[in-house]
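Engineer: In this note's numbering, the protein residues as written are 356 to 437. Ideal placement from N, C-alpha and C gives every residue a C-beta, glycine not left out. The structure's right below; bear with me while I get my questions together.
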């Protein structure tokens, strides 16, 4: 599985995430999924972490802890389990 996040143009925030699987892809509109307040909060927290030099709680270590969960879910989907 591959996830792609990109900016649509200069000065515009990325609000879509495209997930690529073995045979297809899906586009998730983050604003539609969680609302504009969540996206704005995410950007504020990101900027604050950079300005203050402090790590965000959802850092690479958190991502590494989630990786086995994501892999197990992907495996279940491939073999048809739920």
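So, at 6 angstroms on beta carbons, what are the nonlocal neighbours of residue 434 in its own chain, with the 5 sequence-adjacent residues on each side left out?
Structural biologist: On the chain shown, residue 434 is found 79 positions in, with the first residue counted as 1. Cβ within range, chain order: n/a, list empty.
Engineer: Taking only the alpha-carbon atoms, compute the straight-line gap between residue 412 and residue 370 and give it to the nearest angstrom.
Structural biologist: The residue given as residue 412 occupies position 57 in the chain shown. The residue given as residue 370 occupies position 15 in the chain shown. In a straight line, the C-alpha of residue 412 is about 21 angstroms away from that of residue 370.
Engineer: Can you give me the C-alpha to C-alpha distance between residue 430 and residue 388, rounded to a whole angstrom?
Structural biologist: Taking the chain shown and counting its residues from 1, one reaches residue 430 at position 75. Taking the chain shown and counting its residues from 1, one reaches residue 388 at position 33. Each residue's alpha carbon lies about 25 angstroms from the other.
Engineer: Of all the options 394, 379 and 408, which has the alpha carbon lying nearest to the alpha carbon of residue 386?
Structural biologist: The residue given as residue 386 occupies position 31 in the chain shown. The option with the nearest alpha carbon to residue 386 is 394.
Engineer: Just to confirm the assignment, what range does the beta strand (DSSP E) spanning residue 384 have?
Structural biologist: Locating residue 384 in the chain shown gives position 29, where the first residue counts as 1. Segment 380-384, the beta strand (DSSP E) holding residue 384.
Engineer: Can you give me the C-alpha to C-alpha distance between residue 391 and residue 401, rounded to a whole angstrom?
Structural biologist: Here residue 391 refers to the residue found at position 36 of the chain shown. Here residue 401 refers to the residue found at position 46 of the chain shown. Computed Cα separation, rounded: 16 angstroms.
Engineer: Suppose you measure from the CA of residue 428 to the CA of residue 421; what does that come to, to the nearest Å?
Structural biologist: Locating residue 428 in the chain shown gives position 73, where the first residue counts as 1. Locating residue 421 in the chain shown gives position 66, where the first residue counts as 1. If you take the alpha carbons of residue 428 and residue 421, they lie about 11 angstroms apart.
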